[in-house]
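Working notes for the structure below.
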Amino acid sequence: MWTHDHGAAEPAPRSWPMSRMNTALVAVCAVGALLCFVLGQTIAAVALLVGAIGGAVGAVFARRGSSGDLERVNALEYADERDRTAGTKGLAAVGVIALVLSAVQLVVHAVVDTDPLSRWMAIALYFALVISWFAANWYFVRRG
Numbered sequence: 000m001w002t003h004d005h006g007a008a009e010p011a012p013r014s015w016p017m018s019r020m021n022t023a024l025v026a027v028c029a030v031g032a033l034l035c036f037v038l039g040q041t042i043a044a045v046a047l048l049v050g051a052i053g054g055a056v057g058a059v060f061a062r063r064g065s066s067g068d069l070e071r072v073n074a075l076e077y078a079d080e081r082d083r084t085a086g087t088k089g090l091a092a093v094g095v096i097a098l099v100l101s102a103v104q105l106v107v108h109a110v111v112d113t114d115p116l117s118r119w120m121a122i123a124l125y126f127a128l129v130i131s132w133f134a135a136n137w138y139f140v141r142r143g
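Here it is, written out as structure tokens:
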């Protein structure tokens, strides 16, 4: 639980309504949506636009004083170490699911004759997830 220390300096007011991480995520989705619209890929564009809007709204509302733990953790707007710990565990679970689904995607590509670009993208994603998992484990095991 956070207690206010009257002798401590007041935290600087937040001038931007969301964290840098959320700003980057929303920007990537918004730019991706614009690019997809320009390329005529309407379904992908709408999906990315919904992600950008939903992410921005969630992040802004998570910074309200009345937001709950779940709102803050879902929006990556951690208020304290407890939020950060819950977020870390949630993202770790998502990583495991992403790795499993990526392996399933490779099996589907082996069973179904798909275009080479999709197959190589699936292979690259799988290896990127495996390598980042090993690297993250190596880093955090040594860090303690």
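Taken in order, the sequence shown gives residues 0 to 143; the numbers are from numbering that gives the first Met the number 0. No residue lacks a Cβ here, since even glycine has one placed at the ideal position from N, Cα and C.
For the segment 67–117, the full-length alpha helix (DSSP H) segments reaching 4 residues or more read 68–73 and 80–110 along the chain. Secondary structure of residue 63 (DSSP, three-state): coil.
Separation of residue 84 and residue 92 (C-alpha to C-alpha, rounded to the nearest whole angstrom) is 13 Å. The residue from 42, 20 and 47 with its alpha-carbon nearest to that of residue 31 is 47. Note on geometry: alpha-carbon atoms of residue 78 and residue 109 lie some 45 Å from one another. In the DSSP assignment, residue 31 falls within the unbroken alpha helix (DSSP H) covering 19–37. Rounded to whole angstroms, the separation of the alpha carbons of residue 143 and residue 35 is 43 Å.
Inter-residue distance for residue 76 and residue 33 is about 26 Å (C-alpha atoms, whole angstroms).
In the structure shown, residue 137 falls within a helical segment according to DSSP collapsed to helix, strand and coil. In the structure shown, residue 14 falls within a coil segment according to DSSP collapsed to helix, strand and coil. Residue 82 and residue 72 have their C-alpha atoms spaced approximately 6 Å apart.
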